Structures are given as C-alpha cells and as structure tokens.
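The structure appears below as structure tokens.
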C-alpha cells in the first residue's frame with residue numbers, strides 16, 4: 279500500500295512554487311512532490327479536497343467493515359470514505375507502484391514525523407485507520423492522543439478535541455527539528471514562505487520557536503522543535 283497526501287490546487291504554478299521553495303523534490307513527469315518520507319500530489323481536479331489517497335490492489339474486505347462505522351462512497355477507481363475528523367480518505371484500487379528514490383533528502387521543513395489529524399470523535403477515527411491497515415503504536419484515549427503506524431513506516435497521529443492549542447489543518451504533516459528549529463524558521467522567513475501561525479508559548483524568552491505553515495491547498499505543516 280502507498281499513502282499519498284492530496285493537495286487540491288486551483289493554481290498549479292503557485293502550488294509547485296511552494297513545494298519547490300520548501301525543497302521538496304518533483305518526481306519527474308508527475309505532479310508528485312516528495313521529501314524522502316511523504317508524497318504530496320498536487321491534484322487539479324475541481325472535485326479534489328485536502329485528504330489522503332491510499333493505493334492497494336483491493337479494498338473490498340476493508341469496505342465491508344468500514345460501512346459499519348463511517349460513510350462510504352463508490353468512485354470510478356475505488357471508494358471515498360470520511361471519518362469523524364472530516365478528512366477525505368480516497369481508497370484507490372490500483373497496481374501503481376510509486377517508489378521514493380533513495381537519493382531524496384529532507385525538505386526545508388526538516389525531520390518528517392508523519393501525518394497529524396484532529397478529530398471530534400477519537401474512537402471512530404482510530405477505528406477507521408485500524409481497518410485500513412494501521413496499528414496503535416503509542417498513546418491512548420485517556421491521553422487524548424494516539425500514534426498509529428503502518429507496516430510501510432507511515433505514522434498517523436490522531437488528536438482528540440482540546441489537546442492541540444494551535445491552529446490545526448486536517449491533514450497536517452509534523453516536523454520535529456529540536457534545537458535546529460529556529461534556524462529552519464529563519465530560512466522559511468528568508469524565502470518568504472507565508473507563516474500560518476507563530477508560536478512562542480513554550481519559549482521563556484518569548485521567541486518564536488515553533489510555526490505552522492499551509493500550502494495553497496490547505497495542507498498544514500507543523501514545524502516544531504519537538
């Protein structure tokens with residue numbers, strides 16, 4: 279299975295410019311951009327919404343279970359589901375094999391830690407992701423947070439209401455850069471990449487040491503120290 283983040287675009291030049299500035303690499307001949315960990319597809323369809331696309335040969339067995347816990351819509355190439363977070367999840371039946379070249383380096387945003395999703399119904403969202411192949415790795419309902427992981431290495435962090443005090447775009451990608459994050463933020467400012475939210479709450483000196491960025495399709499990027 280391959281997971282692709284869907285970023286709708288009404289201006290492909292603008293969207294490509296964002297990812298080029300952020301040092302994501304364009305897979306030749308495609309609208310896919312990659313940082314060595316995540317693949318983002320710039321989708322020009324008028325019907326595309328921010329979400330994730332999962333590719334597998336068949337989703338029929340999973341869909342039998344999903345119909346009991348969430349809405350399922352049949353599409354031309356598979357199924358579209360939506361969990362309680364409102365995130366659109368495209369289950370595509372395909373033999374397409376999208377390989378990430380081994381020479382791809384990290385983007386300007388730093389150390390990619392996977393997807394983050396905020397949901398008003400923690401149990402239902404966790405259930406949906408478990409059905410489509412993810413297993414609980416860390417966290418629990420009492421903490422209001424869980425990390426689920428797929429065998430291909432992708433992690434998805436699911437957050438309950440009132441856990442994250444910052445702006446939250448569904449979905450977002452989290453980057454943790456430790457003490458180097460201030461330098462990362464400085465480079466983002468130099469390139470004039472718009473900042474969605476500046477965060478200084480955790481810094482004793484009031485320095486902005488965490489930020490949130492959004493691409494033109496409303497995919498979020500948490501660029502945090504940890």
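In my numbering, the protein residues as written are 279 to 504. Ideal placement from N, C-alpha and C gives every residue a C-beta, glycine not left out. Nothing here was measured: the structure is a model prediction, and the numbers come from that model.
According to the Cβ coordinates, are residue i and residue j closer than 9 Å?
i, j, result
"residue 449", "residue 330", "yes"
"residue 394", "residue 452", "yes"
"residue 369", "residue 356", "yes"
"residue 280", "residue 408", "no"
"residue 372", "residue 424", "no"
"residue 485", "residue 460", "yes"
"residue 285", "residue 328", "yes"
"residue 287", "residue 495", "yes"
"residue 402", "residue 362", "yes"
May I have the straight-line CA-CA distance separating residue i from residue j, to the nearest angstrom?
i, j, result
"residue 475", "residue 489", "6 Å"
"residue 365", "residue 343", "18 Å"
"residue 545", "residue 417", "In the structure as shown, the chain begins at 279 and stops at 504. Residue 545 is therefore absent and cannot be evaluated."
"residue 493", "residue 456", "23 Å"
"residue 399", "residue 322", "30 Å"
"residue 482", "residue 348", "44 Å"
"residue 303", "residue 404", "31 Å"
"residue 427", "residue 467", "33 Å"
"residue 503", "residue 477", "11 Å"
"residue 497", "residue 282", "12 Å"
"residue 480", "residue 443", "12 Å"
"residue 435", "residue 499", "13 Å"
"residue 337", "residue 415", "23 Å"
"residue 437", "residue 317", "22 Å"
Pick from the options: whose alpha carbon is nearest that of residue i?
i, options, result
"residue 311", "376, 428, 461 and 485", "376"
"residue 463", "374, 487, 454 and 281", "487"
"residue 308", "298, 301 and 319", "319"
"residue 289", "314, 324 and 300", "324"
"residue 397", "427, 497 and 447", "447"
"residue 392", "404, 361 and 314", "314"
"residue 445", "473, 426, 283 and 305", "473"
"residue 292", "499, 471 and 498", "471"
"residue 469", "294, 390, 299 and 283", "299"
"residue 419", "429, 410 and 439", "439"
"residue 326", "410, 429 and 353", "353"
"residue 340", "294, 465, 410 and 296", "410"
field: Runs of beta strand (DSSP E) lying entirely within the stretch 330 to 403, each at least 3 residues, in chain order
entry: 349 to 353, 356 to 360, 366 to 371 and 390 to 396
- prompt: Can you list, in chain order, the stretches of the alpha helix (DSSP H) that have 4 or more residues and sit fully within the stretch 409 to 484?
  reply: 459 to 468
query: What are the complete alpha helix (DSSP H) segments, minimum 4 residues, inside the stretch 280 to 328?
result: 290 to 299
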